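Enquirer: To get the working numbering, take the position in the sequence shown, counting from 1, and add 23. Even for Gly, the Cβ is constructed at its ideal location relative to N, Cα and C. Being a predicted model, the structure only gives us computed values, none of them experimental. Sharing a structure below in structure tokens format, with a few things to ask.
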Amino acid sequence: MEKIEVVVCFDLWNTLVATATELRNGYAGVLTGLGAPSHEIYPFVRDTLMASSLGYEQLALALLERFRIGASREAARLIAELWSLENSSARWLKNAERALHKSRTPGTSLVLVTNTTAPAWSQVDAKLGVASHFDRLFLSFNRHVAKPSPTVWQEVEGWYQDVPPERFWMVGDREEDDLRVPKSRGWNTVHIQSERDLKSVHLAVHLPLLAWWC
């Protein structure tokens, strides 16, 4: 069995994959139109719904209940349809697959560490074959915990107990959700702010390794 010396973890949404701009947050627009505070929607989706295995309509009903919106089942169905439509538009960001390919070198393990709902993951993996690029998957709905909980990175470290923190990397687009906690644990991080940043991920990861090994 190959000895793993480096672990490179990637976020999924807006790091490797994105949905159509015109479809983003359509369900959130319905919720705010019904009176939900816009700034409270994402934290609830991230911390609670993405740590569950609910389907789209159940997710929609949970949102309506959380914000005490006395809306009809038709409203829940609309939210579910918009959410599904957005995720069905998922596409690889330019340079994303290349970044994954070039990051995979002997002794390196690639891990997907993502917050996602169960139905969104089913859609995006069926369409793009995301899982095939990774050695391990940390899916929030399967593990019942979402970033930025430290438990996420603790579990990943537990999979690779012989790898020291300085040989872990986290690649993501959100400082708070993806990068702050692993940074505090001694991990290296790469902040993806545009598709161009994906071009140099493998250099950010592997050039320091050359210094360690030389």
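(1) Quick one: Cα of His156 to Cα of Ile102, how far?
(2) Since Glu109 contacts Gly56 with CB under 8 Å, what's their CB separation in whole angstroms?
(3) Less than 8 Å between the CB atoms is what I'm expecting for Arg114 and Ala41, so what's the real figure, rounded?
(4) What is the DSSP secondary structure of Leu133, reduced to helix, strand or coil?
(5) Please check the pair Ile27 and Val186, which I expect to be a contact at CB under 8 Å, by giving their CB distance rounded to whole angstroms.
(6) Just confirm the distance between the C-beta atoms of Cys32 and Val147, as a whole number of angstroms; I'd bet it's less than 8 Å.
(7) Does DSSP classify Gly78 as helix, strand or coil?
(8) Among Thr139, Leu84, Arg91 and Ser132, whose alpha-carbon lies nearest the alpha-carbon of Pro171?
(9) Please check the pair Leu116 and Leu39, which I expect to be a contact at CB under 8 Å, by giving their CB distance rounded to whole angstroms.
(10) Leaving out five residues on either side along the sequence, give the residues of the same chain with a beta carbon under 7 Å from the beta carbon of His16.
(11) Is Val204 helix, strand or coil by DSSP?
(12) Going by C-alpha to C-alpha distance, which of Ser223, Glu63 and Asp70 sits closest to Asp200?
(13) How far does the alpha helix (DSSP H) with Gly209 in it extend, from its first residue to its last?
(14) Where does Gly195 sit, in a helix, a strand or coil, going by DSSP?
(15) Buried or exposed: Thr131, going by 16 or more other Cβ atoms within 10 Å of its Cβ?
(16) Give the secondary structure of Leu101 by DSSP, where H, G and I count as helix, E and B as strand, and everything else as coil.
(17) Leu230: buried (16+ other C-beta within 10 angstroms of its C-beta) or exposed?
(18) Following the continuous beta strand (DSSP E) through Val30, name the residue where it begins and the one where it ends.
(19) Is the beta carbon of Pro205 sitting closer than 8 Å to the one on Phe191?
(20) How would you call Tyr65, buried or exposed, if buried means at least 16 neighbouring beta carbons within 10 angstroms?
(21) Rounded to whole angstroms, what is the Cα-Cα separation between Gly195 and Arg47?
(22) Once the 5 residues before and after Ala43 are set aside, which same chain residues still bring their CB inside 6 Å of it?
Expert: In this structure, then:
(1) 31 Å
(2) Contact flag wrong, Cβ pair sits at about 16 Å.
(3) 6 Å
(4) strand
(5) 6 Å
(6) The Cβ separation is near 18 Å, so there is no contact.
(7) coil
(8) Thr139
(9) 6 Å
(10) The chain is shown only over 24 to 237; residue 16 falls outside these bounds and no answer can be derived.
(11) helix
(12) Asp70
(13) It is not in any alpha helix (DSSP H) - Gly209 carries neither H nor E in the DSSP assignment.
(14) strand
(15) buried
(16) helix
(17) exposed
(18) Val29 to Phe33
(19) yes
(20) exposed
(21) 19 Å
(22) Ser112
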